[in-house]
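Data first, discussion second: the structure below is written as structure tokens.
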Amino acid sequence: MPDSIREVLQGIAGDDGPSRDLAAGAYRRARSIGRRRFAAVAVAVVAGLAMAGGATAAIVDRDGVEEPPPAIDPTDAATTPQEVTPTGTEGHETCGVPDGWTGWGPSDSMGDLDALPDGLVFEVRQDGASADPALVRFEGEEPSPVMGEGGEYYLAPDGSRFAVGGASECAGTLATLTGDKIDGVPVFTVQCFPSWSPDSDRVVLNMADAESTGTYLLDVATGAASSEVPEEVGCSPRWSADGEYLVSADGSVAMRPDGSGRVELEGAAAWNADEEFTGLSSVSADLSRACLQYDDAETAQPGHTQANRCDRFVDTATGDELELPVEADNPNVVFLANGWMIVCDDQYGQIVLSLVDTEGNVADTRTLPGQSSGGTILRGYYVG
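At position 210 of the sequence shown (counting the first as 1) the number is 193 in our numbering, and the numbers step up by one without a gap.
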């Protein structure tokens, strides 16, 4: 990754990493909200924070990722005091975004498609390697790196904004690849990773406290923060494809960020009864269809696990498995706000993409040269 981004990460993380007390608090919170697969490994992953973005991709402002941010003194985040706007969560009144911050403005990163765009951002992994995943951007047929291996940044669907977890309560960072940056933000990523909305304007974050009970929603477009995110969807939720609902990581319940419009997904009983169920990967705008990831002893990754793959495409009302509209070996699915979907498949050393309409018809396809031996996830897309 660019040196400046690496310095930001190093300055935020510090040398010691999150304490065992913080990890223990995360364990208790995960257990209390039913994250059985996540909770069992919380303490073991203190030194290995995983990269995440949101399962739902969005259109990327191509001007927003052309230049890396300017060099930043890695000590600035830890030593520079600044006034903050409280997030409003009890016990965290001194921790929040900079006082008077009015946000970065809208990302303008959602829209309908009738063809696959030229610009695409992928997360790629190398099979058997201990390194964290990297991000690769395609413009047409030519790949270029967005961020190299690092692992502690959580990229928004627009491919520019990202969050970095801190080792203490007010040591997190939000930044963009164009150089915008705010420090002193409560972001705890040991157990609950940041969850960006499809339009990249909002992000669900967790406090770095001993109990890990604080969850809040930050609107990075306006700077507004809310602590009203319900606990049921507070840890690593998925957003519906239109950005209206948050869905719990186990896919059992959905509601708006303020708690209204609560919906129980009746099919969740079926997939949660399966011991190999890892988590909800993505969900359609109308909450009727979802992608789930499953892992056995051979495929499960150690530590903090983020569901990405579409191992099963299901009807959320019944839990019945549906047939994907296209044949795929290792698919992941991005649901779009209008009911369409993009299916990304890593097969035979190539990246195969299909744009599918609401009737299951394939509207467009594209094949790109493979970049990974261990899996490829579509993270963002933008029009050229």
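Backbone N, C-alpha and C define an ideal beta-carbon position, used for all residues, glycine too. Everything numeric in this text was worked out from a predicted model, so none of it was measured.
**Report entry** Anticipated Cβ contact below 8 Å, Asp233 with Ala251, distance rounded
**Finding:** As a working mapping, residue 233 is identified with position 250 in the sequence shown. As a working mapping, residue 251 is identified with position 268 in the sequence shown. So it is a contact: roughly 7 Å between Cβ atoms.
**Report entry** Nearest-angstrom Cβ-Cβ length linking Thr348 and Ser355, presumed shorter than 8 Å
**Finding:** Position 365 of the sequence shown, counted from the start, is the residue given in the question as residue 348. Position 372 of the sequence shown, counted from the start, is the residue given in the question as residue 355. Wrong, their Cβ atoms sit about 20 Å apart, outside the cutoff.
Query raised in the report: Ends of the beta strand (DSSP E) at Asn189?
Result: Position 206 of the sequence shown, counted from the start, is the residue given in the question as residue 189. Taken as a continuous stretch (DSSP letters only), the beta strand (DSSP E) holding Asn189 covers 185 to 189.
Query raised in the report: Going by Cα to Cα distance, which pick from Ile360, Phe171, Val212 is closest to Arg185?
Result: Counted from its first residue, the sequence shown places residue 185 at position 202. Taking only the C-alpha atoms, the option nearest Arg185 is Val212.
Query raised in the report: How long is the line joining the alpha carbons of Ile360 and Glu310, rounded to whole angstroms?
Result: Numbered from 1 along the sequence shown, position 377 holds the residue referred to as residue 360. Numbered from 1 along the sequence shown, position 327 holds the residue referred to as residue 310. When rounded, the distance between both Cα atoms is 17 Å.
Query - Counterpart residues of Arg272 in DSSP-defined beta bridges - result: Mapped onto the sequence shown, residue 272 falls at position 289. Partner(s): Asp298.
Query raised in the report: Beta carbon of Pro220, beta carbon of Val187: below 8 Å?
Result: Locating residue 220 in the sequence shown gives position 237, counting from the first residue. Locating residue 187 in the sequence shown gives position 204, counting from the first residue. In this structure, Val187 lies closer than 8 Å to Pro220 by Cβ.
**Report entry** For Ala392, the first and last residue of its enclosing beta strand (DSSP E)
**Finding:** Residue 392 lies beyond the stretch modelled for the chain, which goes from -16 to 367, so this question has no answer here.
Query - First and last residue of the uninterrupted beta strand (DSSP E) at Asn255 - result: Along the sequence shown, read from residue 1 onward, the residue named residue 255 stands at position 272. No beta strand (DSSP E) contains Asn255, which is instead part of the alpha helix (DSSP H) from 251 to 255.
Report task. Determine the DSSP secondary structure at Glu125, reduced to helix, strand or coil. Result -> Numbered from 1 along the sequence shown, position 142 holds the residue referred to as residue 125. Of the three classes helix, strand and coil, the one that applies to Glu125 here is strand, per DSSP.
Query raised in the report: Under the rule that 16 or more other beta-carbon atoms within 10 Å means buried, what is Leu328, buried or exposed?
Result: Against the sequence shown, residue 328 aligns to sequence position 345. It is worth fixing the name first, because residue 328 is Asp in this sequence and not Leu. Looking at its Cβ environment, which holds 16 or more other Cβ atoms inside 10 Å, Asp328 is buried.
Report task. If I'm right that Arg144 touches Val203 with Cβ under 8 Å, what's the distance once you round it to whole angstroms? Result -> Your numbering for residue 144 matches position 161 in the sequence shown. Your numbering for residue 203 matches position 220 in the sequence shown. At roughly 6 Å, the Cβ-Cβ gap stays under 8 Å, so Arg144 and Val203 are in contact.
Query raised in the report: How would you call Ser243, buried or exposed, if buried means at least 16 neighbouring beta carbons within 10 angstroms?
Result: For the purposes of this step, residue 243 is identified with residue 260 of the sequence shown, where counting begins at 1. So Ser243 counts as exposed.
Query - Run of the beta strand (DSSP E) containing Gly363, from where it starts to where it stops - result: As a position in the sequence shown, residue 363 is number 380, starting the count at 1. Its beta strand (DSSP E) spans residues 359 to 365.
Query raised in the report: Are the beta-carbon atoms of Leu305 and Val326 separated by less than 8 Å?
Result: As a working note, residue 305 is residue 322 in the sequence shown. As a working note, residue 326 is residue 343 in the sequence shown. For Leu305 and Val326, no; Cβs fall outside 8 Å.
Query raised in the report: At a cut of 8 Å, does the region 82 to 93 reach the region 120 to 130 through at least three beta carbon pairs?
Result: no
Query raised in the report: How many Å lie between Pro352 and Asn344 at the Cα?
Result: As a working mapping, residue 352 is identified with position 369 in the sequence shown. As a working mapping, residue 344 is identified with position 361 in the sequence shown. Going from the Cα of Pro352 to the Cα of Asn344 covers about 24 Å.
Report task. Compare the beta carbon distance of Trp222 and Ser267 with 8 Å and say whether it is the shorter of the two. Result -> The count along the sequence shown starts at 1 and reaches residue 222 at position 239. The count along the sequence shown starts at 1 and reaches residue 267 at position 284. For Trp222 and Ser267, no; Cβs fall outside 8 Å.
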